Amino acid sequence: MSDLAMNDNLDDNTMIKAPAMEDGNRGLHYEENLLWEKERADRPGVDFPQPEGMKLRTGFEARGDIGLPQNSEPQTVRHFVRLSTWNYSIDHGFFPLGSCTMKHNPRLNEKVARLPGFAFAHPMQPASTVQGALAMMYELQNWLATLTGLPGVCLTPAAGAHGELAGIMTIKKAHEVKGNTHKTVILVPDSAHGTNPATAAMCGYTIRSIPTRETGRLTVEAFKEALGDGNDVAGMMVTNPNTCGLFEKDIMEIADLLHKADGYFYCDGANFNALVGKVRPGDFGVDVMHINLHKTFSTPHGGGGPGSGPICTTEELAPFMPSPIVIKDGEEFHLEEDGERETSCGRLRSFQGQFGMHVRALTYMLSHGGDGLKQVSEDAVLNANYILSQLKDDFYAPFADSPCMHECIFTERLQKENGVTTLDVAKTLIERGFHPMTVYFPLIVNGAMLIEPTETESKDSLDRFITVMKDIANEAKTNGDILHENPVSTPRRRLDEVQAAKEPILRWKDAG
Amino acid sequence: MRYLPQTATARATMLKAVGASGIDDLYSDIPAAAMRKEAFDLPDHQGEKEVERHMKKYANRNIAAGDVPFFLGAGAYFHHVPATVDYIIQRSEFLTAYTPYQPEIAQGTLQVIFEYQTFIAQMTGQDVANASMYDGATSMAEAALMAMRVTRRGKVCLANEIHPHYVSTLESYVEKDDISRDAPDNDTACVIVQSPDFFGKPQAYDALRKQCDEVGALLVVVITEIVSLGLLPAPEQADIVCGEAQSIGLPLSFGGPYLGFFACREKYLRQMPGRLCGMTKDADGKRGFVLTLSTREQHIRREKATSNICTNQGLCALAFTVHMSLLGEDGFKTLARLNHEAACKLADALVKVPGVKIISDTFFNEFVIELPKNARDVVDALAAQDIIAGYPLDGNRLLVCATEMTTDDDIAALCAALKEAA
Chain D
97 MSDLAMNDNL
107 DDNTMIKAPA
117 MEDGNRGLHY
127 EENLLWEKER
137 ADRPGVDFPQ
147 PEGMKLRTGF
157 EARGDIGLPQ
167 NSEPQTVRHF
177 VRLSTWNYSI
187 DHGFFPLGSC
197 TMKHNPRLNE
207 KVARLPGFAF
217 AHPMQPASTV
227 QGALAMMYEL
237 QNWLATLTGL
247 PGVCLTPAAG
257 AHGELAGIMT
267 IKKAHEVKGN
277 THKTVILVPD
287 SAHGTNPATA
297 AMCGYTIRSI
307 PTRETGRLTV
317 EAFKEALGDG
327 NDVAGMMVTN
337 PNTCGLFEKD
347 IMEIADLLHK
357 ADGYFYCDGA
367 NFNALVGKVR
377 PGDFGVDVMH
387 INLHKTFSTP
397 HGGGGPGSGP
407 ICTTEELAPF
417 MPSPIVIKDG
427 EEFHLEEDGE
437 RETSCGRLRS
447 FQGQFGMHVR
457 ALTYMLSHGG
467 DGLKQVSEDA
477 VLNANYILSQ
487 LKDDFYAPFA
497 DSPCMHECIF
507 TERLQKENGV
517 TTLDVAKTLI
527 ERGFHPMTVY
537 FPLIVNGAML
547 IEPTETESKD
557 SLDRFITVMK
567 DIANEAKTNG
577 DILHENPVST
587 PRRRLDEVQA
597 AKEPILRWKD
607 AG
Chain B
398 MRYLPQTATA
408 RATMLKAVGA
418 SGIDDLYSDI
428 PAAAMRKEAF
438 DLPDHQGEKE
448 VERHMKKYAN
458 RNIAAGDVPF
468 FLGAGAYFHH
478 VPATVDYIIQ
488 RSEFLTAYTP
498 YQPEIAQGTL
508 QVIFEYQTFI
518 AQMTGQDVAN
528 ASMYDGATSM
538 AEAALMAMRV
548 TRRGKVCLAN
558 EIHPHYVSTL
568 ESYVEKDDIS
578 RDAPDNDTAC
588 VIVQSPDFFG
598 KPQAYDALRK
608 QCDEVGALLV
618 VVITEIVSLG
628 LLPAPEQADI
638 VCGEAQSIGL
648 PLSFGGPYLG
658 FFACREKYLR
668 QMPGRLCGMT
678 KDADGKRGFV
688 LTLSTREQHI
698 RREKATSNIC
708 TNQGLCALAF
718 TVHMSLLGED
728 GFKTLARLNH
738 EAACKLADAL
748 VKVPGVKIIS
758 DTFFNEFVIE
768 LPKNARDVVD
778 ALAAQDIIAG
788 YPLDGNRLLV
798 CATEMTTDDD
808 IAALCAALKE
818 AA
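These protein sequences, in sequence, are chains D and B.
Following this note's numbering, the numbering of the first sequence begins with 97 at its first residue and continues without gaps.
Following this note's numbering, the numbering of the second sequence begins with 398 at its first residue and continues without gaps.
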């Protein structure tokens, strides 16, 4: 262990030393240093023709040393393959991460996205040369409109939070056109994703929180209280099913009250996997929602993106959506120009959207069809209820009096009696070969453990998880202290996050 | 339904275990009026080959860069991506992993982000970089918002010709009236300059730096062609450098997913948007990496966060990092030089076409020419002959781009077609 001892004099310019490669390697575990710490190759991993040495016409001298590393192709491959082996993924096993919908990512989607006609089309080519790409986007727009019951579709947003921004900007524009300058408040339940209040604030709105702590649900009473006379309320942002995995039973009555006060209902579509092919959000009063293509429609999470967050709106709100959208004119398709639709809330990004993700999502939809998507929802909901039913005696389930939707929630209450926390449960799951559930979210449930199995898991797979969770509950009772140490078999154990934030080291720097 | 593993027997057993008589019992919280009674008007499920056939029809109706002479840039660039890049990003462990919130089982993704941040900081001449943004336009909009937080001022000055889509995006993110093309004053949060500008001209920064210092504004440099940093001086004078890094590692893909990059001075770190990865130690004292400084972010700060941003462009940042690892110092600079030389050759050929004038005096890999006719008409006419000529500006001006992919034959084809059309 002494070779692995760290430099204790951390300061801005001091890197922490890499463990010695020869001492860190065990079996199939390999230590891997940073690209900058390797022996520098004397030529790149890409062969180029020799430049001709033409006189520069840039107006500047050529740039000097940048300090980049240099590796051959085999060194590069080995580096990244070794790093990859330090990751857990959905292709490894069960990924019960609540609110994240970690489902199987079909490889057909990857293959199709790489067809040259898709991969090498430029976003600003003349419309006549990209009719196929535009027609594909148009078909995706139609699928989303059909599945949500909301006819206006804009594919442009880059991710869920970007979709939220698109949606709230659409609402803001609609009020602006109506002259509703007094509407400055967005209602957000306290169980919401952090992106909801952050988005509303970014659009200049004041956030008024609706308490849901008691029941995990919105009540008409609490909503009315937050709404007041409704004069200043521009809209509300509600995730449905909500972040406790519960469908908001009173949503239609609440939506009615909101609409009577001339407010709009934004639905955070993160949990659409519970409803897809079964229920259309347009039928429970939603005016605008985003869809996470990387959740419900299986585009890969990629270790944190790229996502894709199209929005769907009612006919009333469609004129105010961001641009561009795909327009069908006779048999021809085109993208809107900036300013073409005067009522649009504007452009939100460089080009028309995460097109590669659109291709993957439509490929997935076509594979499942309408019948398959309904089965997706049903299996996702059944799987979550099965876990809830099997674990509710071992872990405290605050809302187990009615069925859950696609995810179920437990807390640390029973384990806490023995000093075992949600974090310990999560880290012990890692030790036992699973990715943890979502922890400490939603914030309204103390020590929350939010479990979303998705339709990807078989009963067999769920039973293995349930067995391990029961083991952990037992261990917490009998031998809780050892759980604080987990994980112990991973390439790295619990990391010092306090140190990381106190003296941030955010890049490699030459020690000299 | 090849993606669904549950068996009929398992479903029945599980329904029984949860005490439901049928699946719709589990949907009992949903108001009856909201339950869909009739089937959706959608086709039924299909096999791989049927789906592939359906999608191929769409793909085949597009003209793709690489198949035809191609001179369109304007913020998205056709470059070669080594085969290794696509092989690495399709590894399950990267492709199908989640955001690295559980660092013990995500060190691979985390170390890649740390390396990505280092590459961006080095290339931009800045102290620190974040884990990526959606794309160039949103990155620039976030830079403006950050400058407003840092300076507590509300105005943004545009110093030169910035990509029109970036300007439109900025107009959506901030009040339109707060954006001006005037000289900065005491209300100015930042001055934004694009380099090379939208017309391809590389910019100097010293005068702008001085202007900013005089009024206490930040200098934001936006770059849409990151390959230019292999030849042009680093924008070290800037407070924030942001832009688009699609050129390294990513295909054109009709506009996305791309890779927004964002770098700044260390003193502004805590006002930065987006995720950051930092180095630390584990319980045994071994070096490791974690997401850090998350108290800036929406999941902690909610409405007080520096941005609503949650996801980054993880896999795109990986593609970038693999490509940069392959290029290295020498390869990156050679790539930049080859791009510039391709543009020089294009300019030398175009200047010989009767009626065509080169407008730009200096450039990196794209520049403006003037045609004797309306540029949009010429672009459409050439598209019908399977040549993508460039981006039509107003009137007769055309923005053309050459990269390491451009061949002498491509240039000859463009010149011949222009001679004909003009």
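Every residue gets a Cβ at the ideal spot worked out from N, C-alpha and C, and that includes glycine.
Computed from a prediction, not measured in an experiment: that's the story for all the values here.
Among D:L591, D:V584 and D:R528, which has the Cα closest to the Cα of D:F561?
D:R528
Could you tell me which residues DSSP puts in a beta bridge with B:Q591?
B:V619
Within 8 Å (strictly less), CB to CB, does D:G52 reach chain B?
In the structure displayed, chain D extends from 97 to 608; residue 52 of chain D sits before or after that span and is not available.
Best match in B:V617, B:Y788 and B:A456 for proximity to B:N823 [C-alpha to C-alpha]:
In the structure displayed, chain B extends from 398 to 819; residue 823 of chain B sits before or after that span and is not available.
Tell me, which residues are paired with D:V375 by DSSP?
B:M432
Could you tell me if D:P402 is buried or exposed, where buried requires 16 or more neighbouring beta carbons within 10 angstroms of its beta carbon?
buried
Work out the CA separation of B:D441 and D:F506 for me, nearest whole Å.
37 Å
Counting beta carbon pairs with one atom in the segment 237–246 of chain D and one in the segment 286–295 of chain D, are three or more of them shorter than 8 Å?
no
Closer than 8 Å, CB to CB, is B:G419 near chain D or not?
no
Does the beta carbon of D:Y360 come closer than 8 Å to any beta carbon on chain B?
no
Which runs of the alpha helix (DSSP H) fall wholly inside the segment 102–182 of chain D and span at least 4 residues, in chain order?
117–120 and 169–180
Taking a contact to mean a Cβ-Cβ separation below 8 Å, would you say B:I420 touches D:E474 in this structure?
yes
Cross-chain neighbours of B:F596 in chain D, by beta carbon under 7 Å
Within chain D, no residue comes near B:F596; the closest Cβ sits about 13 Å away, beyond 7 Å.
Relative to the C-alpha of D:E624, which candidate in B:G657, B:R450 and B:Q508 has its C-alpha closest?
An answer regarding residue 624 of chain D cannot be provided, because it is not within the stretch 97 to 608 covered by chain D.
Nearest by alpha-carbon distance to D:N205: which of D:S463, D:M545 and D:M501 is it?
D:S463
D:N514 versus D:Y460: straight-line alpha-carbon distance, rounded
46 Å
By how many angstroms is the C-alpha of D:G381 removed from the C-alpha of D:N276?
21 Å
For B:N459, the residue or residues it bridges with in DSSP:
D:V226
Hey, would you say D:A480 sits closer than 8 Å to D:T518, going by beta carbons?
no
Go through its chain and collect everything with a Cβ distance to D:T522's Cβ below 8 Å, but skip five positions before and after it.
Per the sequence presented here, residue 522 of chain D reads as Ala, with Thr not at that position. Contacts found: P532, M533, V535 and M545.
What is the DSSP secondary structure of D:E438, counted as helix, strand or coil?
coil
For B:E763, decide whether its Cβ has a neighbour in chain D, counting only Cβ atoms nearer than 8 Å.
no
Inter-residue Cα distance where the pair is D:P247 and D:I387:
14 Å
Neighbour flag for B:M545 against chain D, beta carbons, 8 Å:
no
Please find out if some non-hydrogen atom of the ligand HEM comes closer than 7 Å to the beta-carbon of D:S394.
The ligand HEM is not part of this structure, which contains no ligands at all.
Quick one: does D:N67 have its CB under 8 Å from some CB of chain B?
Absent from the model: residue 67 of chain D. The displayed extent of chain D is 97 to 608, so no value can be given.
Using a C-beta to C-beta distance shorter than 8 Å, which residues of chain D count as neighbours of B:D777?
P222 and S224
Kindly list, in the order they appear in chain B, the residues whose Cβ is closer than 9 Å to that of D:P406.
By Cβ distance, chain B contributes nothing, its closest Cβ being about 12 Å from D:P406, past 9 Å.
Would you list, in sequence order, the uninterrupted alpha helix (DSSP H) runs of no fewer than 4 residues that lie entirely inside the segment 481–548 of chain B?
489–492, 504–521 and 533–548
Selected residue, minimal CA-CA separation from B:L628, among B:L735, B:A473 and B:A799:
B:L735
How would you call B:L811, buried or exposed, if buried means at least 16 neighbouring beta carbons within 10 angstroms?
buried
In three-state DSSP terms, what is B:K413?
helix
May I ask you to list the residues that DSSP assigns as paired with B:D574?
Looking at the DSSP assignment, B:D574 forms no beta bridge with any residue, so it has no partner.
Indicate the three-state DSSP secondary structure (helix, strand or coil) for D:M97 in the structure shown.
Low per-residue confidence applies at D:M97: pLDDT is 32, beneath 50, and the placement is therefore not dependable, though the value from the model is reported in the following sentence. DSSP places D:M97 in coil when its eight states are reduced to three.
If I follow the unbroken beta strand (DSSP E) through D:C363, where does it start and stop?
Y360 to D364
Compute the Euclidean distance between the alpha carbons of B:G725 and D:R210, then round it to the nearest angstrom.
26 Å
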